[in-house]
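Just so you know, the sequence shown maps onto residues 270 to 582 in our numbering.
Don't be surprised by glycine CBs; every beta carbon is placed ideally from N, CA and C.
Structure, as structure tokens:
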Amino acid sequence: MGEFNHYTVMKKEAVDILNCRDGLLYIDATLGGGGHSEEILKRIPNGQLLSFDIDDEAIASASERLKSYKNLTIIKNSYTNIKEELQKRNIKKITGGVIFDLGASYNQLTSATRGFSFSKEAKLDMRFNMDSDLTAYDIVNNYKEDDLVRIFSEYGEEHFSKRIAARIVQERRIKPISTTTELANLIISATPKVKTHIHPATRVFQALRIEVNGELKNINYTLKYLLDMLDYNAIISVISFHSIEDRIVKKLFKFESQRCRCNNPICTCEPPRIELVNKKPITAGEDELRENPPSRSAKLRAVRCIIGDRDFD
270 MGEFNHYTVM KKEAVDILNC RDGLLYIDAT LGGGGHSEEI LKRIPNGQLL SFDIDDEAIA
330 SASERLKSYK NLTIIKNSYT NIKEELQKRN IKKITGGVIF DLGASYNQLT SATRGFSFSK
390 EAKLDMRFNM DSDLTAYDIV NNYKEDDLVR IFSEYGEEHF SKRIAARIVQ ERRIKPISTT
450 TELANLIISA TPKVKTHIHP ATRVFQALRI EVNGELKNIN YTLKYLLDML DYNAIISVIS
510 FHSIEDRIVK KLFKFESQRC RCNNPICTCE PPRIELVNKK PITAGEDELR ENPPSRSAKL
570 RAVRCIIGDR DFD
């Protein structure tokens, strides 16, 4: 297995905002290369960290990187199954906090075999979890035209969704669209030339990746569950990488932190369980942007639990 390449975006900022306190339980919902996990572990020598990932290459790389830490448990499972994994371990509350890095790794996006990149010839795959069934090939060749339009529009914010979907359906009637370069060339031929630094296939490939891995549904569902699991003063820190992800996180955090969350003439809401740690998203600094230009799209939001047991204050 080759080296697993992953730049840890806003490593210090995302962990600093957790305000790590030794002796408590923390969760890294998206282990990746292990950068955020390592930063947390340095700060909680007597605490506990559970780190989740479904990518075998990421787990192998991070396991080697973090092998000296005895208070780390790496779990091969999706963060969508955090509930089941915590129940298995009889964990009732998350006392410290949770960190999410929702970006795919450099290793995944540039792998010659995983099918995430439109610049490398590969089978249309795009699975983070290679044990799952649905692939980008299945979507491109089997989804109805209307569903393709919806996915490209909603998940990729692609302006030419209808044109691209129509061309895909037209082409697959002749033969299946099997590779990344086939699809990328089809997208180029289906869309008008516009002045932009973004490759014409970028948004469609993003949309397919999101659909294959159920990313947006998973974020909302998991965050709602984790808000219920936070102990007093525990913090959730989330790094998102495109506007759709960020809107989901922003909307949920804003709603749950409001005093009134009902539509009744007389409010019947319980007090909010969280407060915003930062009202405006934190973005990468200039030094990081020079080192890793893709960090420019990252936004960091965090919330703190303000109800529950105050023994940890």
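Exercise. Excluding the five sequence neighbours on either side, which residues of its own chain have a C-beta within less than 8 Å of the C-beta of K281, listed in chain order?
Worked result: In the sequence shown, the residue the question calls residue 281 occupies position 12. E308.
For this session: Say whether chain C places a C-beta atom closer than 8 Å to the C-beta of T537.
Result: Among the chains of the structure shown, chain C does not appear; only one protein chain is present.
Exercise. For the putative contact between S506 and I368, defined by C-beta atoms under 8 Å, what is the C-beta separation to the nearest angstrom?
Worked result: Position 237 of the sequence shown, counting from 1, holds the residue named residue 506. Position 99 of the sequence shown, counting from 1, holds the residue named residue 368. Contact flag correct, Cβ pair sits at about 5 Å.
For this session: Starting from the N-terminal side, write out each stretch of the alpha helix (DSSP H) that is 4 residues or longer and does not extend beyond the segment 341–400.
Result: 351–357 and 375–379
Exercise. If you drop the 5 nearest sequence neighbours on each side, which residues of the same chain put their C-beta closer than 6 Å to that of D324?
Worked result: As a first step, residue 324 must be located in the sequence shown, where it is residue number 55. The answer, listed in chain order, is F397.
Exercise. Pairing CB atoms from the segment 398–410 with CB atoms from the segment 441–450, are three or more of them under 8 Å?
Worked result: yes
Problem set entry | Touching by the beta-carbon criterion (3+ pairs, under 8 Å), the segment 455–472 and the segment 430–438 | yes
Exercise. In whole angstroms, what is the alpha-carbon distance linking K548 and Q439?
Worked result: The sequence position of residue 548 within the sequence shown is 279, counting from 1. The sequence position of residue 439 within the sequence shown is 170, counting from 1. In a straight line, the C-alpha of K548 is about 47 Å away from that of Q439.
Exercise. So D322 and K345 are in contact, right, with Cβ under 8 Å, and what is the actual spacing, rounded?
Worked result: On the sequence shown, residue 322 is found 53 positions in, with the first residue counted as 1. On the sequence shown, residue 345 is found 76 positions in, with the first residue counted as 1. Contact holds; Cβ gap of about 7 Å.
Exercise. In terms of residue numbering, what span does the alpha helix (DSSP H) encompassing D416 cover?
Worked result: In the sequence shown, counting from the first residue as 1, residue 416 sits at position 147. From DSSP, the alpha helix (DSSP H) with D416 extends over E414 to G425.
Problem set entry | Proximity winner among E333, E326 and T349, relative to D297 (alpha-carbon distances) | As a working mapping, residue 297 is identified with position 28 in the sequence shown. Among E333, E326 and T349, the Cα nearest to that of D297 belongs to T349.
Problem set entry | Backbone secondary structure at Y524 - three-state DSSP | Residue numbering aside, residue 524 sits at position 255 when the sequence shown is read from its first letter. The displayed chain sequence assigns Phe, not Tyr, to residue 524. Helix.
Exercise. Does DSSP classify V284 as helix, strand or coil?
Worked result: Sequence index remark: in the sequence shown, residue 284 carries index 15 (1-based). Helix.
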